[in-house]
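Protein chains in written order, with the working numbering: chain A, 115 to 359; chain B, 69 to 204.
Notes for the one structure printed next.
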């Protein structure tokens, strides 16, 4: 009976076999027998030869060493051993998963110092704080902005609100909070301008009423000042008041 | 043929009985008819198994060449080994051959630059690796 590889060869399912390098010359020599045509069925010799020579070619591939180095590269060498030649490094010179985990926690930073364990900042926390739209940050500012826009606050109350916003460290000491504070101040400015507009309109109305009272019901054809002073214009020796007196 | 080793300290009858019991188990599995079985004693019970005489071991240099038709296909060529070809440092020290050695280069170049091919008439492209084998 002769060898014949199955129809599904190569299956793609491989085994990982570690062989001491001192054993390889012997195993390699024994595998040579499998290159003999007499061991294979006539139609299967080429496939068998290809399969065995592929195994023979892998005998110097050092897959274990390469794999170990890949894992070590992934772990990263500890800073104190960076100057150690790669060939002289041992496993303990590389970061462990615990080291990497601790570094990751360090990068995240502690949000709350707990009695028994610390609470670390999550990405969600960072995003929420940056956006300033979460439920725990800048809520008071958004309420202030809403009041400024909807209600007609007095100038004094607007300034008070701005002062409160800028002095509230808990709300403004985050990036999102500062952004919200800026929006609040802009809203306050808009409210102040609106109030100034209202005051100006009221002054115009008052002046109009005064002028109506001076001119009477019928509007004069000439202007009021000319009616007061008469035909003689004021000069350096007399003025309108003297003329009236 | 099947061969096994017993623990020391039992009688011949014990060993033969154990073999007979095993024969009953093995015969249906193999479909063979057991025609003979025996128990053989070494000179001493604690004697280790001894290697039998064989041909002498001959170190050879094995070269694997890639083929031109398909990636990851190879052809094997073995030659007598010059010990100076063997790597002396690195992870393959004592096993791998120095492909940069001038004599090795001459040899591999003559193979790839010549009229050599694999057993199926596929041209050889380049040397892929080389190492020591201990043939008997």
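Glycine included, each C-beta is placed from N, C-alpha and C at the ideal position.
A buried status is given to residue 135 of chain B, since no fewer than 16 other beta-carbon atoms sit within 10 Å of its beta-carbon.
Using a C-beta cut-off of 8 Å, the segment 161–173 of chain A makes no contact with the segment 204–224 of chain A, since fewer than three inter-stretch Cβ pairs fall below that distance. Taking CB atoms only, residue 200 of chain B has a neighbour in chain A less than 8 Å away.
Assignment of residue 320 of chain A by DSSP, reduced to helix, strand and coil, places it in the helix class.
Within the model, the alpha-carbon separation for residue 166 of chain B versus residue 131 of chain B is close to 11 Å. Residue 138 of chain B sits in coil when the DSSP states are folded into three classes, being neither helix nor strand. Residue 159 of chain A: member of the alpha helix (DSSP H) spanning 159–171, first to last residue. Scanning chain A for C-beta atoms nearer than 8 Å to the C-beta of residue 191 of chain B yields nothing, as the closest lies near 15 Å away.
Contact with chain A is absent for residue 182 of chain B, since none of that chain's Cβ atoms lies less than 8 Å from the residue's Cβ.
No Cβ of chain A is located within less than 8 Å of the beta carbon of residue 137 of chain B. Beta-carbon to beta-carbon, residue 208 of chain A and residue 190 of chain A are separated by about 7 Å, close enough to satisfy the 8 Å threshold. Between residue 105 of chain B and residue 87 of chain B, the CB-CB gap stays under 8 Å. Around the beta carbon of residue 123 of chain A, a 10 Å sphere encloses fewer than 16 other beta carbons of the protein chains shown; the residue is thus reported as exposed.
For residue 152 of chain A, no chain B residue has a C-beta closer than 9 Å to its own C-beta; the minimum C-beta separation is roughly 13 Å. Among the bridge pairs identified by DSSP, residue 191 of chain A is matched with A/208. Taking the Cα positions, residue 227 of chain A is about 16 Å away from residue 239 of chain A.
For residue 141 of chain A, there is no enclosing beta strand (DSSP E); the residue is part of the alpha helix (DSSP H) that begins and ends at 138–145. Non-local beta-carbon contacts of residue 233 of chain A in its own chain, meaning distances under 6 Å to residues more than five positions away in sequence, involve 225, 226 in chain order. Note: residue 233 of chain A is bridge-paired with A/226 in the DSSP secondary-structure output. For the segment 159–174 of chain B, the beta-carbon criterion of a distance under 7 Å to any beta-carbon of chain A is satisfied by 159, 160, 163, 164. Across the segment 135–147 of chain A, CB contacts with chain B closer than 8 Å involve 135, 136, 138, 139, 140, 142, 143, 146, in sequence order along the chain. At the C-beta level, residue 84 of chain B and residue 143 of chain B stay beyond 8 Å of one another. Judged by DSSP secondary structure, residue 202 of chain A falls outside any alpha helix (DSSP H); it is assigned neither H nor E. Of B/138, B/178, B/190, B/197, the smallest CA-CA separation from residue 155 of chain B is found for B/197. Per DSSP, reduced to three states, the secondary structure at residue 173 of chain B is helical.
Against chain B, a Cβ distance below 8 Å from residue 167 of chain A picks out 132, 141, 142, 143, 144.
The C-beta of residue 186 of chain B has 16 or more other C-beta atoms within 10 Å across all chains shown, which makes the residue buried. Residue 180 of chain B is a Cβ neighbour of residue 133 of chain B, given a cutoff of 8 Å. Chain-order list of chain B residues neighbouring residue 183 of chain A: empty, with the shortest C-beta distance near 10 Å, by a criterion of under 8 Å. Listed along chain B is no residue with a C-beta nearer than 7 Å to that of residue 117 of chain A; the closest approach is about 16 Å.
Interface flag for residue 82 of chain B against chain A is unset, since no Cβ pair is found closer than 8 Å.
Within 10 angstroms of the beta-carbon of residue 195 of chain B lie 16 or more other beta-carbons, which makes it buried. Closest in C-alpha terms to residue 94 of chain B, from the list B/140, B/70, B/188, comes B/70. Residues of chain A whose Cβ lies closer than 9 Å to the Cβ of residue 101 of chain B do not exist; the shortest such Cβ separation is about 19 Å.
In the structure shown, residue 124 of chain A falls within a coil segment according to DSSP collapsed to helix, strand and coil.
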